[in-house]
Each structure stands twice: as structure tokens, then as C-alpha cells.
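Working notes, structure below.
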Amino acid sequence: MEIKYHHFSNVDSTNSFARRELNSFSDDCWTAISSDTQTKGRGQNGSDWVDSPCDSLLMTIISPEIKWDNSKIMNAHMSGSLAIMNFLVNHGFNARLKWPNDVYIGSGKIAGILSEASWQGDFCNRFFFGLGMNVRNAPDGYSFLGSNYLPEQFRIPLAEVIVNQIIIEKKDIRFIYERSLFHWNIGCDWKDLSTGELFQAKTTGVCADGSLELTLLSGEVRTFANKEVMFLNSNKIF
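Residue numbers for the sequence shown follow the numbering used here, so the first one is 4 and each next one is one higher.
Take a look at the structure:
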């Protein structure tokens, strides 16, 4: 497995840069693009990612030319997310996942993930796995690894772990991903973003398309796509 690395001092967004300059990078191997800071860091669905310059690991991993359908894209997203979590666990951190694109240590978010795809007809021909991780510092309320760490010490080993995990096509990846969510199968408070309704439910599944299955106290099962529901807290209500 070959990964080519390109590091920059400043880009608008590693994902945006990767997509805009895609023809500049190899199409027959994986490529990892990183930057010391971003001027327009992006999260899922138009949200922002604000970094502390030179304190964060900011990286986008580009696939070689591929021919993936939607299910493979979702599996790649879950595989990459699990790779980050396991990497942190192996370094002694109590990391867990939060659906659909966050990594937590304790009660604070330490990393956000932005998966995107370039399409050719009905198939994804290039996959982009973006990562922003707080390493030496973070805004109030967020987690970070510690002031004794440097972002550059994690770039290559973490990229290798992510790519290896994506390449290995585990049939039970969704099962593993579900049970790595810190809110898995415990009663939590949620908010329906379309209606404003507050309700209590357990996370009981992640569907093949990546949507979240929640089971209410009444036994009613509801399914939500990203940005349709908001996690509020996990008090282990039931």
C-alpha cells in the first residue's frame, strides 16, 4: 500500500483543496494532504471547523481511482472513523464515536470527520476522508490530546491506519461501528430538528445508508438522517 504525502502551511480547507486540485495528485495510489491551519475549515453539511494554528491535525485522505456504490462509501466512512477511535485507544485515550461524524474523549469532542465523494455516473470514482483533530489545544468544551504532543507526529501513522482499515472490507463493520457509539443502547435525550420535539430514546441501529435508528420508550422506532436529529445528553434514563 502506497500513500503519498503533501503538507502545506495554510489552505482554505484540506477537503476543498483536495477536490479543487484533484488532478494534481496521483490517481493510482492513496494521497494524504495536511495543513498547519485552515482559513475555511469545513464540517458536515456546511458547518465550520475552527482550528488553533499548528495545534491541530488537519488532513484529507484521497483514494485512488475507484468504482464504489453508496454502501461502500458508508462502509469506508465507518471504517475510517473506527480507525481513528482505535488509534486513540491504542495510545491510552478513552475514545468513543458519536454518530455520524465525531470522535469523543470523555465528554468532549476531539475530532470531526468529513467524508465526501466525487461521482462518475452512478459510481464514486474518488473518495475523500477529511479529519480535524485537536492535538495540543482546543476551544473551551472540547477535548485535546495534550500540550506535549505535536500534530506532525500523528500524520503518517494515523493515515496508514485509516487507509488500512478502509481497504480491509469487514462484513460486520456496521455492527462494530454501532457498538462503538458512546450513546449505543442507552436512554438519551434527543431533539427532532424538523419539529422541535424533545424526546427520549435509545440508539438501536445504524442503517445501511448511515441513518440512525432510535427506539422510544413506547417501543416506537424512528429513523433520522444526519442533521434531522440532535443528541442532547446521555443520562442513562432507561
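A virtual CB, placed ideally from N, CA and C, is assigned to each residue, including glycine.
Bear in mind the structure is a predicted one, so any value in this text is a computation, not a measurement.
If you draw a straight line from the alpha carbon of residue i to that of residue j, how long is it in whole angstroms?
i	j	result
Ile159	Thr226	37 Å
His94	Leu220	38 Å
Ala162	Trp33	10 Å
Met88	Glu216	22 Å
Ser37	Phe20	10 Å
Phe185	Glu200	23 Å
Asp30	Glu5	12 Å
Asn242	Ile65	This structure cannot speak to residue 242, because the chain is shown only from 4 to 241.
Ala53	Gly111	It is worth fixing the name first, because residue 53 is Val in this sequence and not Ala. Cα to Cα, the separation comes out at about 15 Å.
Ile171	Val14	31 Å
Name the residue from the options whose alpha carbon lies nearest to the alpha carbon of residue i.
i	options	result
Thr63	Leu117, Lys112 and Trp122	Leu117
Ser150	Asp175, Asn18, Ser59 and Cys191	Ser59
Met77	Asn229, Asn188 and Ser237	Asn229
Leu61	Ala141, Pro154 and Gln123	Pro154
Trp122	Asn97, Ile69 and Tyr145	Ile69
Gly222	Arg177, Phe202, Asp143 and Gly213	Phe202
Cys191	His80, Gly124, Ser237 and Thr198	Ser237
Leu148	Thr198, Met81, Gly83 and Val92	Val92
Go ahead and label residue i buried or exposed: buried means 16 or more other beta carbons lie within 10 angstroms of its beta carbon, across all protein chains shown.
i	result
Val138	buried
Glu181	buried
Trp193	buried
Ile187	Ile is not the amino acid found at residue 187; the sequence shown has Trp there. It counts as buried.
Thr17	buried
Phe90	buried
Met81	buried
Ser103	With the sequence shown as reference, residue 103 is identified as Pro, and Ser is not the correct amino acid for it. Looking at its Cβ environment, which holds 16 or more other Cβ atoms inside 10 Å, Pro103 is buried.
Phe196	According to the sequence provided, residue 196 is Leu. The question's Phe does not apply to it. Burial call: exposed.
Output needed for residue i: all residues of its chain with C-beta closer than 8 Å, excluding positions within five of it in sequence on either side, in chain order.
i	result
Gly208	Glu181, Leu215 and Glu216
Pro56	Asp39 and Thr40
Identify, in the order they occur along the chain, each residue of the same chain with its Cβ nearer than 6 Å to the Cβ of residue i, setting aside the five sequence neighbours on each side.
i	result
Ala120	Ile76, Cys127 and Phe130
His9	Ile36
Could you pull out every residue in the same chain whose Cβ sits closer than 7 Å to the Cβ of residue i, ignoring the five residues on either side in sequence?
i	result
Ala86	Val164, Ile165 and Gln168
Thr218	Ala204, Lys205, Thr207 and Val224
Met136	Ser59, Leu60, Ile113 and Ala114
When you measure from the CB of residue i to every non-hydrogen atom of the ligand NAP, does any distance come out below 7 Å?
i	result
Ala114	The ligand NAP is not among the ligands present in this structure, which contains no ligands whatsoever.
Any chance you could list the beta strand (DSSP E) runs of at least 3 consecutive residues sitting entirely within the segment 195 to 229, in chain order? Listed in chain order, the beta strand (DSSP E) runs fully inside the segment 195 to 229 are 201 to 209, 215 to 219 and 224 to 227, counting runs of at least 3 residues.
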